[in-house]
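Visitor:
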């Protein structure tokens with residue numbers, strides 16, 4: 004029977020993952036997931052590792068969440084609390100330009116995105132965009148206290164990860180490269196429209212997750228970009244995204260039908 008193998012939260016958008024043994028999930032997703040984001044104090048854009056040249060340093064920032072939702076950051080060896088001047092000062096020093104943390108998205112939240120160099124990684128609906136160029140894109144899922152790109156939750160499966168590792172000629176692939184909330188020990192990804200029960204939680208799969216340059220980045224920021232992994236996703240994992248066309252995908256987005264609590268090891272039931 005499929006089970007919940009890992010549970011991951013990202014207190015700050017594009018910062019390091021926080022591994023959990025249990026969590027509450029409300030209608031908008033994992034509680035306190037991506038509740039904070041860095042904003043560029045000059046142009047007001049949302050910080051995202053989708054543009055590594057601007058924001059890959061976020062991968063060096065650790066974050067933990069207390070039972071009350073307070074987030075403590077580890078920045079260059081120092082601990083600072085999100086939402087304080089000390090946190091903004093530490094992050095500004097790390098990146099070398101003025102930034103600030105916020106839980107409130109701009110009126111029109113946008114982020115800088117680096118278009119992949121590999122044309123096969125560019126989805127059909129961006130076919131007229133130059134490979135390797137920079138674009139500004141909306142953050143359609145952003146709302147107060149939740150800086151998600153799309154979908155309440157993101158899921159990957161151990162079966163899909165094992166298949167990708169084999170295709171890439173390596174022993175394994177770190178699931179954190181894909182920044183999921185739930186890692187499910189199952190032989191395949193669920194299909195769009197499929198319902199899943201995890202603990203008290205009931206989900207419905209919405210769509211495949213279109214991939215950008217982020218899976219090529221080391222989740223710790225310690226090693227160079229893994230272009231071969233991205234190329235493998237592009238070669239073997241192009242799928243139809245309903246309503247928009249084909250793109251290189253890995254994992255799926257899901258929406259919450261019935262909020263609830265989940266615990267690592269919970270059975271995952273389909274239907």
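Numbering (my numbering), first residue to last: 4 to 274. Beta carbons: idealized from backbone N, C-alpha and C, even for Gly.
(1) For residue 119, count neighbouring C-beta atoms within 10 Å of its own C-beta (all shown protein chains included) and say buried if the count is 16 or more, exposed if not.
(2) With 8 Å as the threshold, decide whether the Cβ of residue 134 is near any Cβ in chain C.
(3) Under the rule that 16 or more other beta-carbon atoms within 10 Å means buried, what is residue 15, buried or exposed?
(4) So, at 8 Å on beta carbons, what are the nonlocal neighbours of residue 97 in its own chain, with the 5 sequence-adjacent residues on each side left out?
(5) Nearest CA to the CA of residue 157: which residue from 213, 238, 115, 242?
(6) Do the CB positions of residue 28 and residue 268 come within less than 8 Å of each other?
(7) CB-CB under 7 Å to residue 83, same chain, minus the five flanking residues each way: which ones, in chain order?
(8) Kindly identify the DSSP beta-bridge partner or partners of residue 213.
(9) So, with DSSP's three-state summary, where would you put residue 91?
(10) Pairs of beta-carbons, one from the stretch 169–186 and one from the stretch 232–239, closer than 8 Å: are there three or more?
(11) Mind checking whether residue 208 and residue 257 have CB atoms under 8 Å apart?
(12) Going by DSSP in three states, residue 39 sits in which element: helix, strand or coil?
(13) Give the single residue among 183, 139, 126, 260 whose Cα lies nearest to the Cα of residue 245.
(14) Would you kindly work out how many angstroms separate the C-alpha atoms of residue 122 and residue 49, rounded to a whole number?
(15) Excluding sequence positions up to five away, which residues of its chain have a Cβ less than 6 Å from the Cβ of residue 19?
(16) List in chain order: all unbroken beta strand (DSSP E) runs of 3+ residues lying wholly within the stretch 135–192.
(17) Does the count of Cβ pairs from the stretch 175–189 and the stretch 146–166 closer than 8 Å reach three?
Guide: Let's see:
(1) Position 116 of the chain shown, counted from the first residue, corresponds to residue 119. Buried, because 16 or more other Cβ atoms sit within 10 Å of the Cβ of residue 119.
(2) In the structure shown, chain C does not exist; there is a single protein chain.
(3) Sequence index remark: in the chain shown, residue 15 carries index 12 (1-based). The Cβ neighbour count for residue 15, taken over all protein chains shown within 10 Å, is at least 16; the residue is labelled buried.
(4) By 1-based counting over the chain shown, the position of residue 97 is 94. Cβ within range, chain order: 60, 63, 64, 78, 79.
(5) Position 154 of the chain shown, counted from the start, is the residue given in the question as residue 157. For the options 213, 238, 115, 242, the alpha carbon positioned closest to that of residue 157 is the one of 213.
(6) Position 25 of the chain shown holds residue 28. Position 265 of the chain shown holds residue 268. No, the pair does not count as a contact, with Cβ atoms beyond the cut-off.
(7) As a working note, residue 83 is residue 80 in the chain shown. Excluding sequence neighbours, residue 83 sits near 76, 89, 90, 93.
(8) Numbered from its first residue, the chain shown carries residue 213 at position 210. Residue pairing from DSSP places residue 213 in a beta bridge opposite 252.
(9) Here residue 91 refers to the residue found at position 88 of the chain shown. The answer is helix: DSSP assigns residue 91 an H, G or I state.
(10) Taking a contact to require three or more Cβ pairs closer than 8 Å, the stretch 169–186 and the stretch 232–239 qualify as touching.
(11) Position 205 of the chain shown, counting from 1, holds the residue named residue 208. Position 254 of the chain shown, counting from 1, holds the residue named residue 257. Yes, Cβ-Cβ distance for residue 208 and residue 257 is below 8 Å.
(12) Here residue 39 refers to the residue found at position 36 when the chain shown is read from its first residue. The DSSP-derived three-state label of residue 39 is strand.
(13) Here the question's residue 245 lines up with position 242 in the chain shown. Among 183, 139, 126, 260, the Cα nearest to that of residue 245 is on 126.
(14) Residue mapping note: residue 122 aligns to position 119 of the chain shown, counting from 1. Residue mapping note: residue 49 aligns to position 46 of the chain shown, counting from 1. C-alpha separation (whole angstroms): 25 Å.
(15) The sequence position of residue 19 within the chain shown is 16, counting from 1. 65, listed in sequence order.
(16) Runs of the beta strand (DSSP E) inside the stretch 135–192: 137–141, 156–160, 185–188.
(17) These segments touch.
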